[in-house]
Amino acid sequence: MTFRKLELPEALKTGHAVIDAQHARILDAINRILERINMGGRNREALEAELLALSNEVRSHFHDEERLLAQMGYSDLKAHRSHHTKTLRDLDTIQDIFAENVLPAEWIIHTIIHLFISDVTVPDSLIARKLAPAAG
18 MTFRKLELPE ALKTGHAVID AQHARILDAI NRILERINMG GRNREALEAE
68 LLALSNEVRS HFHDEERLLA QMGYSDLKAH RSHHTKTLRD LDTIQDIFAE
118 NVLPAEWIIH TIIHLFISDV TVPDSLIARK LAPAAG
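Here the sequence shown stands for residues 18 to 153, where the numbers follow this note's numbering.
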């Protein structure tokens, strides 16, 4: 199976330059994983390093986003933080499963893509829409 490079649809952009740039970096990390898998995924150490890089990008993004939302007075920050905690646990689980060689890399990437869409970009774009009227 060959994976195509992913691009962030305009509909999922938040309009906030920093957040959108972080989403782009996260997507770049996912695309590097896709590229490694497309090359056969034989170098598990390199794939593990890319998974760690992805996890670090997501952690950094969540930290910055929570700080930004606190500054903006986002009323549902506690729930959003809980969502971030769950997503980070899911990423840790994915890394553990990959390290134990339990499931193929293709399964891992499908799960990561799902996490990126459902746990990172969609919630952020919805928050941006809620906050936009308050900012304007």
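All C-beta atoms in this analysis are idealised placements derived from N, C-alpha and C, irrespective of residue type, glycine included.
A Cβ-Cβ distance of about 17 Å is found for the pair L64 and I43, leaving them out of contact under the 8 Å criterion. Around the Cβ of S142, a 10 Å sphere holds 16 or more other Cβ atoms; the residue is buried. In the structure shown, K22 falls within a coil segment according to DSSP collapsed to helix, strand and coil. A Cβ-Cβ distance of about 7 Å is found for the pair V139 and L29, placing them in contact under the 8 Å criterion.
Sorting S99, L25, Y91, I47 by C-alpha distance to the C-alpha of R146 places Y91 at the top. A residue is called buried once 16 or more other Cβ atoms fall within 10 Å of its Cβ, and H131, having fewer, is exposed. Nearest to H101 by alpha-carbon distance, out of I36, D113, V75, is V75.
Looking from the CA of S99, the closest CA among I114, L68, V137 belongs to V137. When C-beta atoms of the stretch 49–63 are compared with those of the stretch 75–87, fewer than three pairs fall below 8 Å, so the two segments do not count as touching. V119 carries a coil assignment under DSSP once its states are collapsed to helix, strand and coil. Your pair L51 and I126 checks out as a contact, with CB atoms roughly 6 Å apart and the cut at 8 Å. Judged by DSSP in its simplified three-state form, S92 adopts coil rather than helix or strand. Counting along the chain, no alpha helix (DSSP H) covers R59, and no H or E run does either. Excluding its 5 nearest sequence neighbours in each direction, E62 has no C-beta neighbour in its own chain below 8 Å.
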